[in-house]
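S.K.: At position 75 of the sequence shown the residue is numbered 80 (our numbering), and the sequence of numbers has no breaks.
First the structure, which I've put down as structure tokens, then a few questions once you've had a look.
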Amino acid sequence: MRKIISLMLAVAAPALAHAQTPHDQLTKVIDDHWAWYLSVHPVEATARGVRDYDDQISDLSLGARDAQIKAEQGFVTRLDAVPETGLDAADKVNRAVLLWMLRDDIASDKHQAERLMLFTTYYIYGRLSLCKRH
Numbered sequence: 006m007r008k009i010i011s012l013m014l015a016v017a018a019p020a021l022a023h024a025q026t027p028h029d030q031l032t033k034v035i036d037d038h039w040a041w042y043l044s045v046h047p048v049e050a051t052a053r054g055v056r057d058y059d060d061q062i063s064d065l066s067l068g069a070r071d072a073q074i075k076a077e078q079g080f081v082t083r084l085d086a087v088p089e090t091g092l093d094a095a096d097k098v099n100r101a102v103l104l105w106m107l108r109d110d111i112a113s114d115k116h117q118a119e120r121l122m123l124f125t126t127y128y129i130y131g132r133l134s135l136c137k138r139h
């Protein structure tokens with residue numbers, strides 16, 4: 006019996022050593038979200054100095070919007086899996102704000118006006134100029 010327990014501990018030790026803390030989990034989700042966000046908002050990425058998407062524009066199709074909502078739902082699932090226990094005050098705020106932003110965008114997609122295809126320069130660039138003011 007001792008050999009079995011010792012073997013189990015030996016096998017589990019590397020996994021336990023690499024187990025992420027809630028802070029590490031949250032940081033990974035936030036980093037992944039930011040990378041994804043810039044990839045689907047290439048004009049904003051360029052405005053923020055990220056040059057990886059200089060040759061792209063936003064996809065305003067309904068299919069792209071559906072894919073964005075699906076991705077946001079995935080981020081919500083990942084954030085919900087990060088336990089608040091073990092997070093410091095700043096991490097709790099970051100988690101709560103990102104969850105609110107994602108859930109708000111997901112909920113807004115259910116509104117009929119959000120499903121209209123807008124091909125105006127305001128929609129693409131007006132939002133960007135609002136970001137620059139802050």
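Beta carbons: idealized from backbone N, C-alpha and C, even for Gly.
Given the structure is predicted, the values throughout are model-derived calculations rather than measurements.
Would you tell me roughly how many angstroms separate the C-alpha atoms of L65 and D114, rounded to the nearest one?
M.R.: Residue numbering aside, residue 65 sits at position 60 when the sequence shown is read from its first letter. Residue numbering aside, residue 114 sits at position 109 when the sequence shown is read from its first letter. If I take the Cα positions, the gap works out to 13 Å.
S.K.: For the alpha helix (DSSP H) holding T51, just list the boundary residues, first then last.
M.R.: Position 46 of the sequence shown, counting from 1, holds the residue named residue 51. 47 to 52 is the span of the alpha helix (DSSP H), which, as asked, contains T51.
S.K.: Tell me the DSSP secondary structure of T26 in three-state form.
M.R.: For the purposes of this step, residue 26 is identified with residue 21 of the sequence shown, where counting begins at 1. Three-state DSSP puts T26 in coil, outside helix and strand.
S.K.: Does Y67 pass the burial test, meaning 16 or more other C-beta atoms within 10 Å, or should it be called exposed?
M.R.: Looking up residue 67 in the sequence shown gives position 62. Going by the sequence as given, residue 67 is Leu instead of Tyr. L67 should be labelled exposed.
S.K.: With DSSP run on the structure shown, which of helix, strand or coil describes G79?
M.R.: Within the sequence shown, numbered from 1, the residue matching residue 79 stands at position 74. Correct three-state label for G79: helix.
S.K.: Can you give the Cα-Cα distance for Q30 and H116, rounded to whole angstroms?
M.R.: Position 25 of the sequence shown, counted from the first residue, corresponds to residue 30. Position 111 of the sequence shown, counted from the first residue, corresponds to residue 116. The alpha-carbon atoms of Q30 and H116 are separated by roughly 32 Å.
S.K.: At a cut of 8 Å, does the segment 50 to 61 reach the segment 81 to 88 through at least three beta carbon pairs?
M.R.: Proximity of the segment 50 to 61 to the segment 81 to 88 falls short of the contact definition, fewer than three beta-carbon pairs being nearer than 8 Å.
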